[in-house]
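Going by our numbering, the sequence shown opens with residue 82, and the numbers climb by one from there.
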Amino acid sequence: MTRPQRDVRADGAQPSSARGRQGHGTWHARTVTTTPDTAPAATTSATDPTSAASAGPGVATVRRVLERLGVRTALGRDVALAAVWALVTIVFLATLLAAGEFYGANRSIPTAQVVAVVVLALVQQVPLVMRRVRPVTALLAVAVLQAGLLAVLPTGLALWTAAPVVTAYTVATLRPTRVVVGAVLAAVGIEAVGAAVGASAIVKDQLGATPGLGELGAVVEALALVASAVLINGVSAAVGSWVALRRAHDRDARARAAESIEHQATLTRAAVAAERTRMARELHDVAAHHLTGLVVQAGAAERLVDGDPERAKESLRSVRAQGRETLDALRSIVGILRETGDGPSGTVPVPGLGDVSDLVDQARASGVVVESHVDGTLPSLPPLADVTAYRTVQEALVNARRHAPGVAVELRLRATAGSLVIVVENDLPVTRDTSGGGGFGLVGMRERADLVGGRLDTGATAEGRWRVRLELPVETDASPAGPSAPAATSAATSGPGAELAGGGAE
Numbered sequence: 082m083t084r085p086q087r088d089v090r091a092d093g094a095q096p097s098s099a100r101g102r103q104g105h106g107t108w109h110a111r112t113v114t115t116t117p118d119t120a121p122a123a124t125t126s127a128t129d130p131t132s133a134a135s136a137g138p139g140v141a142t143v144r145r146v147l148e149r150l151g152v153r154t155a156l157g158r159d160v161a162l163a164a165v166w167a168l169v170t171i172v173f174l175a176t177l178l179a180a181g182e183f184y185g186a187n188r189s190i191p192t193a194q195v196v197a198v199v200v201l202a203l204v205q206q207v208p209l210v211m212r213r214v215r216p217v218t219a220l221l222a223v224a225v226l227q228a229g230l231l232a233v234l235p236t237g238l239a240l241w242t243a244a245p246v247v248t249a250y251t252v253a254t255l256r257p258t259r260v261v262v263g264a265v266l267a268a269v270g271i272e273a274v275g276a277a278v279g280a281s282a283i284v285k286d287q288l289g290a291t292p293g294l295g296e297l298g299a300v301v302e303a304l305a306l307v308a309s310a311v312l313i314n315g316v317s318a319a320v321g322s323w324v325a326l327r328r329a330h331d332r333d334a335r336a337r338a339a340e341s342i343e344h345q346a347t348l349t350r351a352a353v354a355a356e357r358t359r360m361a362r363e364l365h366d367v368a369a370h371h372l373t374g375l376v377v378q379a380g381a382a383e384r385l386v387d388g389d390p391e392r393a394k395e396s397l398r399s400v401r402a403q404g405r406e407t408l409d410a411l412r413s414i415v416g417i418l419r420e421t422g423d424g425p426s427g428t429v430p431v432p433g434l435g436d437v438s439d440l441v442d443q444a445r446a447s448g449v450v451v452e453s454h455v456d457g458t459l460p461s462l463p464p465l466a467d468v469t470a471y472r473t474v475q476e477a478l479v480n481a482r483r484h485a486p487g488v489a490v491e492l493r494l495r496a497t498a499g500s501l502v503i504v505v506e507n508d509l510p511v512t513r514d515t516s517g518g519g520g521f522g523l524v525g526m527r528e529r530a531d532l533v534g535g536r537l538d539t540g541a542t543a544e545g546r547w548r549v550r551l552e553l554p555v556e557t558d559a560s561p562a563g564p565s566a567p568a569a570t571s572a573a574t575s576g577p578g579a580e581l582a583g584g585g586a587e
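Written out as structure tokens, the structure reads:
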């Protein structure tokens with residue numbers, strides 16, 4: 082099994098996401114990409130995947146103790162680790178000397194040999210200081226010192242400090258597998274050379290040591306030391322690799338969880354935006370239809386108040402009725418906005434194709450000359466397409482009333498086997514109205530049509546008329562819309578404000 086190349090922070094920590102292992106991880110602290118055995122000076126980081134939190138409660142306790150002592154950086158912790166292991170080595174060697182086990186198979190060895198062993202064992206802890214800054218260099222330096230130990234150890238004594246274990250483990254946690262394998266093999270090879278030198282007694286003779294085992298015994302001892310080197314370095318590296326894989330798995334899980342949360346947040350934002358757009362269309366449709374009617378009726382009342390008070394009163398009554406309708410429609414929309422998933426959903430009446438006749442009646446009541454024609458039997462549309470048809474007719478009539486007063490409007494509905502075509506036409510006004518809206522009505526109509534798979538065409542025709550044409554797909558087995566659809570009529574109204582009839586487009 083191989084592990085991918087990883088980015089490593091100067092303090093030896095791993096990237097905060099799984100993608101960091103490919104060489105470009107994103108860090109909360111400064112990030113650098115290192116070669117297998119190079120790294121800049123150690124720095125402090127608040128986000129360390131090799132921290133106590135990921136290593137266990139015991140390491141967390143040690144870290145808290147070190148922080149109380151003022152040791153807060155990765156380099157400071159490594160220095161403290163080296164000092165602790167040096168102290169442990171001194172205690173261990175002193176115990177061996179006191180117990181008489183230090184001499185191995187020899188009961189008397191020269192002082193120079195004892196000093197050499199003690200010095201090498203202590204110096205071997207020094208590379209631990211750079212175990213995370215230069216882990217491979219630290220491992221090889223420890224291996225060289227271990228080879229020196231094996232070369233001068235008394236016959237029958239095998240001494241291994243914690244340094245080989247710690248450095249092999251660290252290399253495996255911070256470097257890719259190919260580097261780990263190469264470094265461990267190099268360390269074992271160096272230590273094997275030291276074991277061979279020790280078996281030949283070349284260095285021991287220089288220190289004045291007495292001859293030990295015979296040739297066969299020396300070979301057996303050397304092989305045992307090499308086996309120990311393989312076991313110690315191999316097991317330590319294997320444990321480190323397992324820890325690295327576990328940390329990578331944890332990072333992947335955290336990254337997937339973060340991506341899932343972000344994806345859900347994106348979906349939520351999109352849903353909210355879509356709902357806001359839908360509500361904006363509804364508000365525009367309600368406001369444009371009813372408020373435009375109020376303005377027209379109020380203008381008619383203003384003109385008739387002196388010359389024809391009765392018709393002015395009738396126009397004001399119409400203003401009051403449309404005002405109530407506007408309030409009811411706005412309350413319905415506000416009710417939808419206030420609904421929550423836990424609260425009562427309620428039912429809000431949704432207008433449809435069957436209510437188009439009411440739109441025609443309202444337009445005529447406000448003084449618009451409307452001619453409506455129905456060709457065929459109107460089908461029953463799906464809810465969304467149904468409200469799209471209604472809102473399109475509503476917006477077209479409002480635009481006609483607002484932008485081209487005095488022009489008759491023609492509404493045609495034609496039902497075929499596979500579609501429903503709605504056309505609203507009126508002559509273009511003589512003078513262009515510059516006080517209209519910002520075109521949001523046409524945008525809303527087009528969005529509604531696209532949403533249900535329909536097609537909306539708007540614009541001036543060659544005959545000098547403004548046309549709004551909506552084509553909606555209809556299922557072949559759709560049932561009739563009912564008797565409430567506008568009848569095939571041709572009517573011109575003469576109610577209050579009749580002189581304010583017309584057409585146009587927003």
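All residues carry an ideal CB built from backbone N, CA and C; glycine is no exception. These numbers come from a predicted model, not from an experiment.
Got a sec? Which residues, its chain only, sit under 8 Å from V204 by beta carbon, not counting five neighbours each side?
Translated into positions along the sequence shown, residue 204 becomes position 123. Correct list, in chain order: L226.
When burial is assigned at 16 or more other CB atoms within 10 Å of the CB, is A249 buried or exposed?
As a position in the sequence shown, residue 249 is number 168, starting the count at 1. Result: buried.
Just grab the DSSP bridge partners of P464 for me.
Start at 1 with the first residue of the sequence shown, and residue 464 comes out as number 383. Note: P464 sits in no beta bridge, so no partner.
Thinking D467 and L494 are a contact (beta carbons under 8 Å), I'd like their distance in whole angstroms, please.
Translated into positions along the sequence shown, residue 467 becomes position 386. Translated into positions along the sequence shown, residue 494 becomes position 413. Contact between D467 and L494 does not hold, since the beta-carbon distance rounds to 13 Å and is not under 8 Å.
Based on DSSP bridge pairs, tell me the residues matched to V505.
By one-based count along the sequence shown, residue 505 stands at place 424. Answer is L492 and V549, bridged to V505.
Just to confirm, is the Cβ distance from V549 to A470 under 7 Å?
Against the sequence shown, residue 549 aligns to sequence position 468. Against the sequence shown, residue 470 aligns to sequence position 389. Using a Cβ distance threshold of 7 Å, V549 and A470 do not count as a contacting pair.
Could you spell out the range, first to last residue, of the alpha helix (DSSP H) harbouring V437?
Residue 437 sits at position 356 when you count from the first residue of the sequence shown. For V437, the enclosing alpha helix (DSSP H) starts and ends at V437 to A446.
Taking only the alpha-carbon atoms, compute the straight-line gap between P554 and A381 and give it to the nearest angstrom.
Reading the sequence shown from its first residue, position 473 is the one you call residue 554. Reading the sequence shown from its first residue, position 300 is the one you call residue 381. The straight-line gap from Cα to Cα measures roughly 40 Å.
With 16 as the cutoff for other CB atoms within 10 Å, does P390 come out buried or exposed?
Position 309 of the sequence shown, counting from 1, holds the residue named residue 390. Exposed, by the Cβ-count rule.
Which of the three DSSP states is assigned to P390 in this structure?
Here the question's residue 390 lines up with position 309 in the sequence shown. In the structure shown, P390 falls within a helical segment according to DSSP collapsed to helix, strand and coil.
Counting along the chain, where does the beta strand (DSSP E) carrying L537 start and finish?
Within the sequence shown, the letter at position 456 stands for residue 537. Run containing L537: R536 to A541, per the beta strand (DSSP E) assignment.
Flag this pair as yes or no: are the beta carbons of S317 and V246 separated by less than 7 Å?
Position 236 of the sequence shown, counted from the first residue, corresponds to residue 317. Position 165 of the sequence shown, counted from the first residue, corresponds to residue 246. With a cutoff of 7 Å on beta-carbon distance, S317 and V246 are scored as near each other.
Buried or exposed for R256, going by 16 or more other Cβ atoms inside 10 Å?
Along the sequence shown, read from residue 1 onward, the residue named residue 256 stands at position 175. The residue is buried, with at least 16 neighbouring Cβ atoms inside 10 Å.
In three-state DSSP terms, what is E452?
To locate residue 452, count along the sequence shown from 1; it is residue 371. The three-state reading of DSSP puts E452 in strand, counting E and B together.
Between the alpha carbons of R386 and R362, how many angstroms are there, rounded?
Taking the first residue of the sequence shown as position 1, residue 386 is located at position 305. Taking the first residue of the sequence shown as position 1, residue 362 is located at position 281. With the sequence shown as reference, residue 386 is identified as Val, and Arg is not the correct amino acid for it. Rounded to the nearest angstrom, the two C-alpha atoms are 35 Å apart.
Excluding five sequence neighbours on each side, which residues of the same chain lie with their C-beta closer than 7 Å to the C-beta of T170?
Translated into positions along the sequence shown, residue 170 becomes position 89. Closer than 7 Å at the Cβ level, and outside the excluded window around T170, lie A202, L203, Q206 and T242.
State whether the stretch 272-286 contacts the stretch 319-335, with contact taken as three or more CB pairs (one from each stretch) at a distance under 8 Å.
With a cut-off of 8 Å, the stretch 319-335 and the stretch 272-286 do not count as touching, because too few Cβ pairs lie within range.
Using 8 Å for Cβ pairs, my map puts V502 next to E552. What's the rounded Cβ distance?
The residue given as residue 502 occupies position 421 in the sequence shown. The residue given as residue 552 occupies position 471 in the sequence shown. That pair is a contact at about 5 Å.
Cutoff 7 Å; reference A167; Cβ partners in own chain excluding five residues on either side:
Against the sequence shown, residue 167 aligns to sequence position 86. Taken in chain order, the residues that qualify are L203 and Q206.
Checking 7 Å against the spacing of the C-beta atoms, do L220 and A155 come in under that value?
Translated into positions along the sequence shown, residue 220 becomes position 139. Translated into positions along the sequence shown, residue 155 becomes position 74. No.
At least 3 beta-carbon pairs within less than 8 Å: the stretch 522-538 vs the stretch 452-461:
Not touching, per the Cβ criterion.
What would DSSP say about P486, mapped onto helix, strand or coil?
The count along the sequence shown starts at 1 and reaches residue 486 at position 405. Reduced to three states, the DSSP call for P486 is strand.
Would you call A496 buried or exposed, if buried means 16 or more other Cβ atoms sit within 10 Å of its Cβ?
The residue given as residue 496 occupies position 415 in the sequence shown. Counting every other CB atom within 10 Å of its CB across the protein chains shown gives A496 a total of 16 or more, marking it as buried.
Could you give the residue range of the alpha helix (DSSP H) that holds L588?
This structure cannot speak to residue 588, because the chain is shown only from 82 to 587.
Would DSSP call P245 helix, strand or coil?
Position 164 of the sequence shown, counting from 1, holds the residue named residue 245. P245: helix per DSSP, three-state reduction.
Alpha carbon to alpha carbon, what distance is there between A161 and T176?
Within the sequence shown, numbered from 1, the residue matching residue 176 stands at position 95. Within the sequence shown, numbered from 1, the residue matching residue 161 stands at position 80. One C-alpha to the other measures close to 23 Å.
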